[in-house]
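In order, the protein sequences belong to chains H and Y. One point on numbering: in the working numbering, the residue at position 46 of the first sequence is 46, and numbering is uninterrupted. One point on numbering: in the working numbering, the residue at position 310 of the second sequence is 661, and numbering is uninterrupted.
There are 2 protein chains.
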Amino acid sequence: MVTIYDIAKKANVSAMTVSRVINNTGKISKKTEAKVRKIMEEMNYVPNQMARSLVLQQTKILFLLITDITNPFYTTLSRGAEDAANRSGYRLLFGNSDENLQKENDYIHTILSTRVDGLLVAPTGDASLPHLEQLRRHKVPFVLIDREVPGMDCDVVLGDSKGGARTLVEHLIDNGHRHIAMVNGLSTASSARLRLQGYQEALLLHSLHMPDNYVFETSYKLHQQVTGNDMPVLPSLEAWFDQLEPRPTAIVAGNNVIAIEIIRMLRKKEIQVPEQISVVCFDDFGLYSEIAPFMTVAAQQAYQFGYMGMQTLIERIQNKDHEAQPWRKVVLPAELIVRDSVAPAKDEQSQ
Amino acid sequence: MVTIYDIAKKANVSAMTVSRVINNTGKISKKTEAKVRKIMEEMNYVPNQMARSLVLQQTKILFLLITDITNPFYTTLSRGAEDAANRSGYRLLFGNSDENLQKENDYIHTILSTRVDGLLVAPTGDASLPHLEQLRRHKVPFVLIDREVPGMDCDVVLGDSKGGARTLVEHLIDNGHRHIAMVNGLSTASSARLRLQGYQEALLLHSLHMPDNYVFETSYKLHQQVTGNDMPVLPSLEAWFDQLEPRPTAIVAGNNVIAIEIIRMLRKKEIQVPEQISVVCFDDFGLYSEIAPFMTVAAQQAYQFGYMGMQTLIERIQNKDHEAQPWRKVVLPAELIVRDSVAPAKDEQSQ
DNA sequence: TTGTATGCGTTATCAT
DNA sequence: ATGATAACGCATACAA
Numbered sequence: 001m002v003t004i005y006d007i008a009k010k011a012n013v014s015a016m017t018v019s020r021v022i023n024n025t026g027k028i029s030k031k032t033e034a035k036v037r038k039i040m041e042e043m044n045y046v047p048n049q050m051a052r053s054l055v056l057q058q059t060k061i062l063f064l065l066i067t068d069i070t071n072p073f074y075t076t077l078s079r080g081a082e083d084a085a086n087r088s089g090y091r092l093l094f095g096n097s098d099e100n101l102q103k104e105n106d107y108i109h110t111i112l113s114t115r116v117d118g119l120l121v122a123p124t125g126d127a128s129l130p131h132l133e134q135l136r137r138h139k140v141p142f143v144l145i146d147r148e149v150p151g152m153d154c155d156v157v158l159g160d161s162k163g164g165a166r167t168l169v170e171h172l173i174d175n176g177h178r179h180i181a182m183v184n185g186l187s188t189a190s191s192a193r194l195r196l197q198g199y200q201e202a203l204l205l206h207s208l209h210m211p212d213n214y215v216f217e218t219s220y221k222l223h224q225q226v227t228g229n230d231m232p233v234l235p236s237l238e239a240w241f242d243q244l245e246p247r248p249t250a251i252v253a254g255n256n257v258i259a260i261e262i263i264r265m266l267r268k269k270e271i272q273v274p275e276q277i278s279v280v281c282f283d284d285f286g287l288y289s290e291i292a293p294f295m296t297v298a299a300q301q302a303y304q305f306g307y308m309g310m311q312t313l314i315e316r317i318q319n320k321d322h323e324a325q326p327w328r329k330v331v332l333p334a335e336l337i338v339r340d341s342v343a344p345a346k347d348e349q350s351q
Numbered sequence: 352m353v354t355i356y357d358i359a360k361k362a363n364v365s366a367m368t369v370s371r372v373i374n375n376t377g378k379i380s381k382k383t384e385a386k387v388r389k390i391m392e393e394m395n396y397v398p399n400q401m402a403r404s405l406v407l408q409q410t411k412i413l414f415l416l417i418t419d420i421t422n423p424f425y426t427t428l429s430r431g432a433e434d435a436a437n438r439s440g441y442r443l444l445f446g447n448s449d450e451n452l453q454k455e456n457d458y459i460h461t462i463l464s465t466r467v468d469g470l471l472v473a474p475t476g477d478a479s480l481p482h483l484e485q486l487r488r489h490k491v492p493f494v495l496i497d498r499e500v501p502g503m504d505c506d507v508v509l510g511d512s513k514g515g516a517r518t519l520v521e522h523l524i525d526n527g528h529r530h531i532a533m534v535n536g537l538s539t540a541s542s543a544r545l546r547l548q549g550y551q552e553a554l555l556l557h558s559l560h561m562p563d564n565y566v567f568e569t570s571y572k573l574h575q576q577v578t579g580n581d582m583p584v585l586p587s588l589e590a591w592f593d594q595l596e597p598r599p600t601a602i603v604a605g606n607n608v609i610a611i612e613i614i615r616m617l618r619k620k621e622i623q624v625p626e627q628i629s630v631v632c633f634d635d636f637g638l639y640s641e642i643a644p645f646m647t648v649a650a651q652q653a654y655q656f657g658y659m660g661m662q663t664l665i666e667r668i669q670n671k672d673h674e675a676q677p678w679r680k681v682v683l684p685a686e687l688i689v690r691d692s693v694a695p696a697k698d699e700q701s702q
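Structure, rendered in structure tokens:
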């Protein structure tokens, strides 16, 4: 490995002079600068970030930890975060926790030991609290996106989960549906709790009462990796659906991936969407809504989640005393996009 | 920051003893070990990876550089790479070059200066050669995925682009199409060149001759970020299409994203797919093919790309003298999945 | 079983 | 404008 000393020796200067050239710090004569630069070129010198961080105590590297890299909501969010980071002269590295607390733990450990300057993180759920506390103890600035964690005061960028869910349910009610079930994410995630509240509020507002078992909880993430063209249907989802009485005329999905699970289950049972059952969900489908303008959704501004979250993080970092400012909470609206997965309820069903 | 010395002092031992506890190296008494561990817990000690790497000259961190994080082919590939890396005790960090040579350059620089142990990289194209040469000079082991780069001998995991393209075109020919155009990725990517070859071979084999302007090149990546629900149609694509004579009855897309651009353009012009024009493409759509089983594709084994690539990389790293072994080239097959974006050509068109 | 001295590659401080 | 020295946090070689 070619070091700053190799350059120095070849240029007949001290290592300090080379360092000054690299960092544009201090005064140096045009002549030596040119000479040093030339030799750095020749020897393909690249500064060792490890050594540099060790003394500088900063890396100019930020980290984004998402929960599902195969979900277009998070990949679009990533692009927003990337743009914001680059615009401020930071590099951004990504990690994927896969909705898995253990993986999240591993990443937190890597992040802690790598001493990145800051972290944008979508926590897997409330159980992430210890991880966040660890970050806080180690004074790693972080911003939460998409999900809050009770017990942790910090900056956070959220979607309007409650409002979005209400909008979805009201859209179904407007279409005459009176038996509306919900398949939600695990209630260990704040977004799932709020979406459930939104669902319940909308029903209450219209004086509708659903059977107790009309709400089902599952993972926000596909239960199995997509490897080919066929994939088993989530068994528990099907079992839940089979025992519903009466059968719902519409289902609200907690996110886009859950919607896919539902559609697959219904297709397996040869139930038509939307003719026999309407389906709506949170989050849009990125590119895919373009070629398959099918699902009616409450679209969240994924790119903005990343961009705003990253900006908040950077501002927090660049403020000298990190934790002095009051914590910020940004809530981004969800927008109803009506497509073709909802049909008017039939009369005998809407009573 | 709490260091190994802080632990040592509190435990009344030397820093070396603490280091030995951390790394399970050398002999230490149960009692001191227990004491040291307890204090590390109490003080929330996390080893400084920077300092450690500086002396160990390795990080146990690998890197995956992809070209489009919003493309499900690459995100599924990422999941495969992640699993393979974790299985071997490595952490994996991601970067997204966005099909942008400058961004790729920035990432290579970060990677070089961060001294990761190895790199799995999908190069943006032939112009990536200098970046790879730089990696080689700095003895950073790397494996190419998805695209080769002429002039660089190295391990590489590719898809059967030529065969896949031939299969797609033959499927169209089997359906009676005689006027088949192609919208391909930039020919600066090896995959695009091979897909073009496959297209041409299939035509030749069936003694079909297309007008010269029947092949159009564009980016593999969406030309504009998806931020909302409407997005302008790629102007040059539309201009190209408008001047085709005769108008093709089928179009082959170089990848899934290009297929989306084509569908959008045709929809804008109110041309029905597949009734008026059939469309097929490379790469599947991940989750989305599940809810919109529409596009006929040559599906590549995205997960396997990542998994095999990562395994190849790790084996290369763990072999003492990296570059002694002969380079490996893995070619993964593409599978035709017939769906609904192809219709038989009408008689007057198929002549 | 445990400790001391040294070096990894860089920058800050202080000197010249 | 340039250089010498110490320090960042850790692990290796060698000693005790």
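By construction, the Cβ of each residue, glycine as well, lies at the ideal position given by its N, Cα and C atoms.
Is there a Cβ of chain H sitting closer than 7 Å to that of residue i, yes or no?
i, result
"M661(Y)", "no"
"L703(Y)", "Missing from the structure shown is residue 703(Y); chain Y here goes from 352 to 702 and no further."
"T465(Y)", "yes"
"T569(Y)", "no"
"R529(Y)", "no"
"T421(Y)", "yes"
"T354(Y)", "no"
"L519(Y)", "no"
"Q400(Y)", "yes"
Short of 8 Å in beta carbon distance, which residues of its chain neighbour residue i, apart from the five on each side in sequence? Order them along the chain.
i, result
"L470(Y)", "L413, F414, L415, L416, I462, L486, V491, P492, F493, V494, L664"
"L332(H)", "V157, L158, G159, D160, Q300, Q301, Q304, F305, M308"
Under a CB-based cut-off of 7 Å, is residue i close to chain Y?
i, result
"T110(H)", "yes"
"R20(H)", "no"
"I271(H)", "no"
"N229(H)", "Caution is warranted here: a pLDDT of 44 is assigned to N229(H), below 50, making its placement in the model unreliable, and the coordinate value is therefore given only provisionally. Yes, N229(H) counts as interfacial toward chain Y."
"E348(H)", "For E348(H), the pLDDT reaches just 47, beneath the cut-off of 50, and the residue's location in the model is therefore unreliable, leaving the point undetermined."
"T296(H)", "no"
"I260(H)", "yes"
"V226(H)", "At V226(H), the pLDDT of 48 sits below 50, so the modelled position is not reliable; the number obtained from the coordinates is stated separately. Yes, because at least one Cβ of chain Y sits closer than 7 Å to the Cβ of V226(H)."
"S341(H)", "no"
"F282(H)", "no"
Figure out for me which residue from the options has the closest Cα to the Cα of residue i.
i, options, result
"Q669(Y)", "K454(Y), S439(Y), K572(Y)", "S439(Y)"
"M646(Y)", "R679(Y), E674(Y), Q655(Y), I609(Y)", "I609(Y)"
"V36(H)", "E170(H), D212(H), M16(H)", "M16(H)"
"G306(H)", "D83(H), S219(H), L132(H)", "D83(H)"
"H223(H)", "G163(H), P246(H), L186(H)", "L186(H)"
"L519(Y)", "N456(Y), A553(Y), V372(Y), R667(Y)", "A553(Y)"
"D212(H)", "R247(H), D146(H), E238(H), F94(H)", "R247(H)"
"Q548(Y)", "D634(Y), R517(Y), E384(Y), L559(Y)", "R517(Y)"
"E393(Y)", "I420(Y), K361(Y), A432(Y)", "K361(Y)"
Mind checking whether residue i and residue j have CB atoms under 7 Å apart?
i, j, result
"P123(H)", "V156(H)", "no"
"A428(Y)", "A436(Y)", "Ala is not the amino acid found at residue 428(Y); the sequence shown has Leu there. No. Outside cutoff."
"F285(H)", "N256(H)", "yes"
"T114(H)", "H177(H)", "no"
"V584(Y)", "M533(Y)", "no"
"V13(H)", "Y45(H)", "no"
"L194(H)", "S219(H)", "no"
"A694(Y)", "P625(Y)", "yes"
"I7(H)", "M40(H)", "yes"
Starting from residue i, find everything on chain H with Cβ-Cβ shorter than 8 Å and list it in chain order.
i, result
"V608(Y)", "L287"
"A436(Y)", "Those within 8 Å of A436(Y) in chain H number zero; the least Cβ separation is about 11 Å."
Spatial neighbours of residue i within its chain, please: C-beta separation below 7 Å, excluding the five flanking residues on both sides.
i, result
"M308(H)", "V157, V330"
"D126(H)", "V149, P150, T188"
"N229(H)", "For N229(H), the pLDDT reaches just 44, beneath the cut-off of 50, and the residue's location in the model is therefore unreliable, although a value from the coordinates is still provided. Contacts found: none."
"S404(Y)", "T410, R466"
Could you tell me which chain Y residues have their CB closer than 7 Å to the CB of residue i, listed as they occur along the chain?
i, result
"S128(H)", "Near S128(H) there are no residues of chain Y at all, since even the closest Cβ is about 17 Å away, more than 7 Å."
Cβ closer than 9 Å: which chain Y residues qualify as neighbours of residue i?
i, result
"R195(H)", "Chain Y residues near R195(H): none, gap ~20 Å exceeds 9 Å."
Spatial neighbours of residue i within its chain, please: CB distance less than 6 Å, with the 5 preceding and 5 following residues excluded, ordered by chain position.
i, result
"V577(Y)", "For V577(Y), the pLDDT reaches just 48, beneath the cut-off of 50, and the residue's location in the model is therefore unreliable, although a value from the coordinates is still provided. If we look at V577(Y) and ignore the five residues flanking it on each side, it has no Cβ neighbours."
Closer than 6 Å: is that where the CB of residue i sits relative to any heavy atom of the ligand COA?
i, result
"Q197(H)", "For the ligand COA, the structure offers nothing, since it holds no ligand at all."
So with CB distances below 8 Å, who are the chain Y contacts of residue i?
i, result
"T75(H)", "I420, T421, T426"
If the cut is a Cβ gap below 7 Å, which residues of chain H does residue i touch?
i, result
"E433(Y)", "N96"
Residue i touches chain H at which residues, Cβ-Cβ below 9 Å?
i, result
"Q485(Y)", "N44, V46"
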